[in-house]
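Only one structure is covered here, and it is reproduced in the block below.
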Amino acid sequence: MLRKLCLLFLMMIGWVAVSKAQLVKEFKATEKDGFDMVALEFTTYKSATQMRRTKSSDPVYIHGHLEKANILPVFSHKISNNILQTSLIHKNVESENLGKSITSKLFSGSGDDFDHSWNVGLSTNYLYHLDFNLGMGKSDFDLANLTINQLKVKSASADVTIRYGSNSPNQVQMDTLLVTLNMGTVVIENANFTNAKKMICEVNYGKIDLTFSEGMPNGSQVIAAVGAGSLHLKLPSDSFPIKIKMRTTAMCKTTLPKYLKSLEKGTYVTKGYDATDPRLMELIIDVGVGSLVVE
């Protein structure tokens, strides 16, 4: 009887260990030529995702730790029309709806309790067109030493950080930087390093923190909108040409620096503003309920 109890106990320990074990998966595209750009479509759910430069010469290298193996990711890559098309799709078979995701984020015991973690590595040798669709979680994009034509990040509920780990700005003019969240936080550090022609950040419920250490090297349009929450915008020196259009409500507390000059109601410019300057940065800011701080 004692032997049976011991055996049962050991089996239970083994079952717990297996249930908590992570499945490690690696994917990579190894093509080296025959294309001018790499397009990556990345779709996952309830995960912590990191993207940065890798020392590998492969155009795309993805390393994942999966806690639940109820469905495996599908990875594909092919060259078409001079573009290396790469895709990783990892959908949630539990079919969590948006309401459940937001409830889980609000009341979960740990902000880091995600089912999966992903490390996406890109090479310095290629031009990238990136499209991330994240159901719920957090993500950290280090764009230093990478050449990016487009970056789009969409999520139901997530915290998204876009930064440059070193002073290595984008070597081309990015066509579009887009981040849209239903709920969460967007932090973009050294936003001027993106060299983005158009930058759009939209959060229904949450926060946007947008920092410019210098002016944009080329003309650009920046749109930042928060339905309910806060928006913090740090501008470069007022010697750079900047025009800001603001739309707020009576339920939004607004704090502006004294150096901004008002052209008309809701429109402000810096000392260096010149409508004909090819480096002109036009900001459109929209906050419904919450706070807006510009410094």
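Numbered according to the numbering used here, the sequence shown spans residues 94 to 388. Every residue, glycine too, gets a C-beta built ideally from N, C-alpha and C.
Nonlocal neighbours in the same chain, by C-beta distance under 6 Å from residue i, ignoring five residues either side
i, result
"VAL167", "ILE182"
"ASP367", "PRO334"
"VAL382", "ALA321, MET344"
"THR360", "LYS338"
"PHE234", "MET144, ILE255"
"LYS364", "ASP331"
"THR269", "GLN243, LYS291"
"SER203", "In this prediction, SER203 scores a pLDDT of 42, lower than 50, which makes its location untrustworthy; the coordinate-derived value is nonetheless stated afterwards. Here the set comprises nothing."
"VAL253", "SER232, VAL246, VAL272, VAL279"
"LEU376", "VAL315, ILE337"
"PRO310", "ASN288"
Per-residue burial, residue i [other beta carbons within 10 Å of its own, 16 or more giving buried]
i, result
"MET344", "exposed"
"LEU116", "exposed"
"THR142", "buried"
"SER216", "buried"
"GLY476", "No statement about residue 476 is possible, as the shown extent of the chain runs from 94 to 388 and does not include it."
"PRO371", "exposed"
"VAL319", "buried"
"VAL265", "exposed"
"GLY127", "exposed"
"ILE155", "buried"
"THR147", "buried"
"ILE281", "buried"
"SER232", "buried"
Cβ distance (whole Å) where residue i is taken to contact residue j below 8 Å
i, j, result
"PHE286", "TYR257", "5 Å"
"LYS346", "GLU388", "The pair is not a contact, with the Cβ atoms about 14 Å apart (cut-off 8 Å)."
"ALA237", "SER261", "4 Å"
"MET42", "GLY308", "Here the chain has residues from 94 to 388 only, and residue 42 is not among them."
"TRP211", "SER140", "6 Å"
"PRO329", "SER306", "6 Å"
"GLY214", "THR137", "With a Cβ gap of about 16 Å, GLY214 and THR137 do not count as contacting."
7 Å Cβ shell around residue i - same chain, five flanking residues per side excluded
i, result
"LEU324", "ILE301, ALA317, ILE378, VAL380, LEU385"
"LYS118", "GLY157, LEU159, PRO166"
"THR273", "LYS247, GLU295"
"THR123", "ASP151"
"GLU134", "SER180, ASP224"
Own chain residues within Cβ distance below 8 Å of residue i, not counting five before or after
i, result
"MET130", "ASN175, ILE176, LEU177, TYR219, LEU220, TYR221, HIS222, ASN242"
"SER259", "ALA237, ASN238"
Proximity test, Cβ basis, 7 Å: residue i and chain C
i, result
"VAL362", "You won't find chain C in this structure, because it holds only one protein chain."
Is the region 298-315 in contact with the region 347-360, if contact means three or more CB pairs nearer than 8 Å? no
Is it true that the region 168-180 meets the region 239-259, where meeting means three or more beta-carbon pairs spaced less than 8 Å apart? no
Could you tell me which uninterrupted beta strand (DSSP E) segments, each at least 3 residues in length, are contained entirely in the region 201-235, listed from first to last along the chain? 209-215, 220-235
Can you list the beta strand (DSSP E) stretches of 3 or more residues lying completely in the region 321-379, in chain order? 335-341, 345-348, 354-357, 360-362
In chain order, which beta strand (DSSP E) runs of at least 3 residues are fully inside the region 143-182? Positions of the beta strand (DSSP E) runs, each at least 3 residues long and wholly inside the region 143-182, are given as 153-159, 167-173, 176-182 in order along the chain.
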